[in-house]
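Below is one structure, written out as structure tokens, with a few remarks after it.
Shown next, in the form of structure tokens:
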């Protein structure tokens, strides 16, 4: 007979029960329900119909491509801007601590509040942004009313809101790079730009991996900001998977909504997991 | 500091002011205007300062819905965090202390929870099945399920810095597993617990999507949903909308001012290890 | 005061056997030291006696009671850890009383016991302090206090002095010896430091590669080491050991002679060598010699004699003190 471990598995039980019932069970069930015509009253088996619809209906296809465009655009911008801001905010400039707080604060503010605020600021005729542009003689675009611009506008606001987190992660990453690398590079005659490309960028890689992965997951799943700013409009021009899932749920097409959920799950699994693996492998080689 | 540092700093400060501070000032100023004044949406000072009137009107809208929302959000946040801290620390403790196949599987599942988007409609189906749909209790448990990944991740990392000999000394002193955990380990987790409380409270307080799905109904309103629900009503009263934004931004702002260090620690955890 | 008996105790980690069948009796009231190089299994053996580590096979008896399957807290043992393992969030008083409070001892009794222990260890003035606010020696005493207050049948010490500086270490050696004399309890003490073993033990158990090499009193081990390993491990500086030609010449596989049992002369002797290095310790001097056909040889000579590097000297072993294996 084995004596009991001082670290019993029943410690998993309370959290495990909640997690299993409210997270794992629905996730597993979603695979089944995505194959049904499901509404508030019944669930009839439908085969692949919901998926076929997702990849054939233009407004649903638009949602898929928009999700990818949005995720990669915001992730890329947050990575680049985050690194540049982090370098700037660790270079010992005036009011550095205050600036860090200012850049980071939007991360903590209500996303809905940010969305509504920018909805007003981006108003085509009366919004502060276009008024400011008009003051210097530029005719500002209809940020959220122009169908080909709406998604980009929301993406820019998402970058505004999220770049602080990327910056913070990069600042933590930069803090781990020893000053001696820069000193050695300077003795070798590297310019500031060369130091950035040859020392900073390679050595801050772990932070880059984190920023890319985090912002990509966040971008693929984003719902609240889009919902607050455009509700997927005008038309379906700024719909993403998460907003389609909500719209179909509200319209009573639960099966279709759940199929969207499964697609989102698979998208994250097949984009993020290989990317994370690839980035981590390159890290080991470096 | 070099002259160059001052110049770059000053320019950065100016840009940061325009990009990051002006939008918040815009909110604050418009929250103090009259409805007619605010409808123009421009960046002028109020013709008449009506901060207090706007505050009272916003709070009174729809039978004090904002106060109810504050109450609901606080109940959800406090209860969910209490459960997260105790249950999450228990999981992190055993996963760290007992490396086994079971522990690794549990850990993998919990980390997957950080990535996988929740399947919303099936979750509603489950919540209905156990009579927790449209209830605060259900919402609390949902927030626990969704916050578990982050919590366990942080606790596991921190517990690995607590020497095992402390557990062993307690075992020899006759402590049962739950006594080792509650009397020896949990009190030592204070710093990381504070980080978790701060970061999770902001996350849960700011959550819009999940209450939208799982907690519909006027009596269940939460803080983020007040904005959404009032949006149509405030369309001619932008001043009140901005006042509402202002009112729900204050708690995170206070937390940020007092717990800056914990927020930074929590948000950057794992950044260096990747 | 209890006897500890280990019978054919074994331990596997995965496929690796780290304790390969240990039989040992520790007599009541004995101060028994497990000594050996790192990785020899001495700490694992101690942890198996404590019950923190589970044996793969074999039995453990404490005070005539089979405790092989008992929980650590039911074995009548107390343990002092290398890093003391004091609970950082509790005061000295709470640290010493932790086990009592788990056992729901009445407040008055707990207070009395803790204060008695604190007094014997001169900790009375520090009872309300946190471990952070104590010196290394004081922390060590709190850890010992926590063990004493359990009134155990057997004390287990896991390298308790290795985190202290040299001066404090020799002071604590004396305090522990006095404590043993006062309590007359059975104590088992693990160390890699043969000086600690020699100075404190009633009985030394030399472990190597998961097996017992030899058990005996310190002087037995010094005077009659059973194996070349023990011969090399006990004594400082270490014994000169030779295999090969010299050993064959002596009619054995391994030939050993302690540095203090070599007669060094400037004029004549059995072996001729060159002085490579002179280590002056004051009372004694250690000569590092390079002897033709033998290699390096250590010799201990009186501190009053003078030698210089490069000098040629002669060394002769004291034939009564030679070891042949």
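Chains as they are written, first to last, in the UniProt record's numbering: chain A, 1 to 286; chain B, 1 to 274; chain C, 1 to 325. Using N, Cα and C, we set each Cβ at its ideal position, and we do this for glycine too.
On the three-pair Cβ rule with 8 Å, is the stretch 65-85 of chain C touching the stretch 166-184 of chain B? Segments in contact, yes.
Using a cut-off of 7 Å between C-beta atoms, extract the partners of residue 50/C located in chain B. The sequence position of residue 50/C within the third chain is 50, counting from 1. Result: 172.
For residue 280/A, name the three-state secondary structure that DSSP assigns. The sequence position of residue 280/A within the first chain is 280, counting from 1. Correct three-state label for residue 280/A: helix.
Determine, using beta carbons only, whether residue 198/B and residue 144/B come nearer to each other than 7 Å. On the second chain, residue 198/B is found 198 positions in, with the first residue counted as 1. On the second chain, residue 144/B is found 144 positions in, with the first residue counted as 1. Residue 198/B places its beta carbon 7 Å or farther from that of residue 144/B.
Sub-7 Å separation of residue 238/A and residue 150/A beta-carbons: In the first chain, residue 238/A corresponds to position 238, counting from 1. In the first chain, residue 150/A corresponds to position 150, counting from 1. Yes, these two residues count as a Cβ contact at 7 Å.
Residues of the stretch 176-191 of chain B with Cβ closer than 9 Å to any Cβ of chain C, in chain order: Under the 9 Å Cβ criterion, the stretch 176-191 of chain B contributes 176, 179, 183, 184, 187, 188 and 190.
Give the single residue among 206/B, 237/B and 10/B whose Cα lies nearest to the Cα of residue 224/A. Position 224 of the first chain, counted from the first residue, corresponds to residue 224/A. Per the Cα distances, 206/B.
When DSSP labels each residue in this structure, what does residue 12/C get in the three-state scheme? The count along the third chain starts at 1 and reaches residue 12/C at position 12. Look at residue 12/C here: in three-state DSSP terms it is strand.
Residue interval of the beta strand (DSSP E) (run including residue 79/C): Position 79 of the third chain, counted from the first residue, corresponds to residue 79/C. Note, residue 79/C: beta strand (DSSP E), 77-80.
Sort out for me which residues DSSP pairs residue 5/C with in a bridge. Here residue 5/C corresponds to residue number 5 of the third chain, with the count starting at 1. According to DSSP, which records beta bridges pairwise, residue 5/C is partnered with 25/C and 61/C.
For a contact defined as C-beta to C-beta under 7 Å, what are the partners of residue 239/B on chain A? Stepping through the second chain from its first residue, residue 239/B is reached at position 239. Per Cβ cutoff of 7 Å: no residues; residue 239/B is ~11 Å from chain A at best.
Taking residue 10/B as the query, report the chain C residues whose CB atoms sit under 7 Å from its CB, ordered along the chain. What you label residue 10/B is simply residue 10 of the second chain in a count that begins at 1. What residue 10/B touches in chain C: nothing, since even the nearest Cβ is about 45 Å away.
Neighbour-count burial assignment, residue 183/B, 16 or more Cβ in a 10 Å radius: Stepping through the second chain from its first residue, residue 183/B is reached at position 183. Its Cβ being crowded by 16 or more others within 10 Å, residue 183/B is buried.
Mind checking whether residue 234/C and residue 149/C have CB atoms under 7 Å apart? For the purposes of this step, residue 234/C is taken as the residue at position 234 of the third chain. For the purposes of this step, residue 149/C is taken as the residue at position 149 of the third chain. The criterion of a C-beta distance shorter than 7 Å is not satisfied by residue 234/C and residue 149/C.
What's the gap between the Cα of residue 318/C and the Cα of residue 224/C? Residue 318/C sits at position 318 when you count from the first residue of the third chain. Residue 224/C sits at position 224 when you count from the first residue of the third chain. In a straight line, the C-alpha of residue 318/C is about 15 Å away from that of residue 224/C.
Taking buried to mean at least 16 other C-beta atoms within 10 Å of its own C-beta, is residue 179/A buried or exposed? To locate residue 179/A, count along the first chain from 1; it is residue 179. Residue burial is scored here from C-beta neighbours: residue 179/A has fewer than 16 other C-beta atoms within 10 angstroms and is therefore classed as exposed.
Please list, in chain order, all residues of the same chain as residue 278/A whose beta carbon is under 6 Å from its beta carbon, the five residues on each side excluded. Along the first chain, read from residue 1 onward, the residue named residue 278/A stands at position 278. Annotation for residue 278/A: no residue places its beta carbon closer than 6 Å to its own, counting only its chain and skipping 5 residues before and after.
Can you round the beta-carbon distance between residue 308/C and residue 254/C to whole angstroms, since I take them to be within the 8 Å contact cut? In the third chain, residue 308/C corresponds to position 308, counting from 1. In the third chain, residue 254/C corresponds to position 254, counting from 1. So it is not a contact: roughly 32 Å between Cβ atoms.
Just list the alpha helix (DSSP H) runs in the stretch 240-294 of chain C, keeping only unbroken ones of 4 residues or longer that don't cross its boundaries, in chain order. Residue ranges of uninterrupted alpha helix (DSSP H) with 4 or more members, entirely inside the stretch 240-294 of chain C and ordered along the chain, are 245-249.
List the whole-angstrom C-beta distance separating residue 300/C from residue 284/C, where the pair is believed to meet the contact cut-off of C-beta under 8 Å. Walking along the third chain from the start, residue 300/C turns up at place 300. Walking along the third chain from the start, residue 284/C turns up at place 284. Their Cβ separation, rounded to whole angstroms, is 5 Å, which keeps residue 300/C and residue 284/C in contact under 8 Å.
Kindly list the residues whose CB is nearer than 8 Å to the CB of residue 146/B, restricted to its own chain and excluding five residues on each side of it in sequence; keep chain order. As a first step, residue 146/B must be located in the second chain, where it is residue number 146. Cβ neighbours of residue 146/B beyond the five flanking positions: 113, 118 and 210.
For residue 191/B, report the span of its alpha helix (DSSP H) as first-last. Numbered from 1 along the second chain, position 191 holds the residue referred to as residue 191/B. Per DSSP, residue 191/B belongs to the alpha helix (DSSP H) from 190-205.
So, is residue 214/C buried or exposed, given that buried needs 16 or more other C-beta atoms within 10 angstroms? Along the third chain, read from residue 1 onward, the residue named residue 214/C stands at position 214. By the 10 Å Cβ count, residue 214/C comes out buried.
Mind pulling the chain C residues with CB within less than 7 Å of residue 47/B? Against the second chain, residue 47/B aligns to sequence position 47. Simply none; closest approach about 59 Å.
If we cut at 7 Å on Cβ distances, does residue 168/B have a partner in chain C? On the second chain, residue 168/B is found 168 positions in, with the first residue counted as 1. Closer than 7 Å to the CB of residue 168/B there is at least one CB belonging to chain C.
So what does DSSP say about residue 323/C, is it helix, strand or coil? Counting from 1 along the third chain, the entry for residue 323/C is found at position 323. DSSP places residue 323/C in strand when its eight states are reduced to three.
Indicate whether at least one CB of chain B lies closer than 7 Å to the CB of residue 239/A. The residue labelled residue 239/A in the question sits at position 239 within the first chain. Interface criterion not met: the Cβ of residue 239/A is under 7 Å from no Cβ in chain B.
Could you check if residue 214/A is buried or exposed, using at least 16 other CB atoms within 10 Å of its CB as the buried criterion? Stepping through the first chain from its first residue, residue 214/A is reached at position 214. By the neighbour-count rule (16 or more Cβ atoms within 10 Å), residue 214/A is buried.
Here's a check: name, in chain order, each residue in its chain whose Cβ is nearer than 6 Å to the Cβ of residue 67/C, leaving out the five neighbours to either side. Walking along the third chain from the start, residue 67/C turns up at place 67. Here the set comprises 60 and 75.
Would you report the Cα separation of residue 57/B and residue 69/B, rounded to the nearest angstrom? Within the second chain, numbered from 1, the residue matching residue 57/B stands at position 57. Within the second chain, numbered from 1, the residue matching residue 69/B stands at position 69. Approximately 15 Å between the Cα atoms of the pair.
As assigned by DSSP and simplified to three states, the class of residue 14/B: Taking the second chain and counting its residues from 1, one reaches residue 14/B at position 14. Residue 14/B falls in the helix class under three-state DSSP.
If I measure Cβ to Cβ from residue 316/C and keep anything under 6 Å in the same chain, skipping five residues before and after, which residues do I get? By one-based count along the third chain, residue 316/C stands at place 316. Same-chain partners within the cutoff: 263, 269 and 270.
Please say whether residue 114/C and residue 159/C have beta carbons closer to each other than 7 Å? Looking up residue 159/C in the third chain gives position 159. Looking up residue 114/C in the third chain gives position 114. No Cβ-Cβ contact shorter than 7 Å links residue 159/C with residue 114/C.
Go ahead and pull the three-state DSSP assignment for residue 244/B. As a position in the second chain, residue 244/B is number 244, starting the count at 1. In the three-state DSSP reduction, residue 244/B falls in the helix class (H, G or I).
Counterpart residues of residue 314/C in DSSP-defined beta bridges: Working through the third chain from its first residue, we reach residue 314/C at position 314. Per DSSP, 265/C and 272/C.
Let me make sure I understand the geometry here. Which of 219/B, 39/B, 11/B and 48/B has the alpha-carbon closest to that of residue 236/B? Walking along the second chain from the start, residue 236/B turns up at place 236. Comparing Cα positions, the closest option is 39/B.
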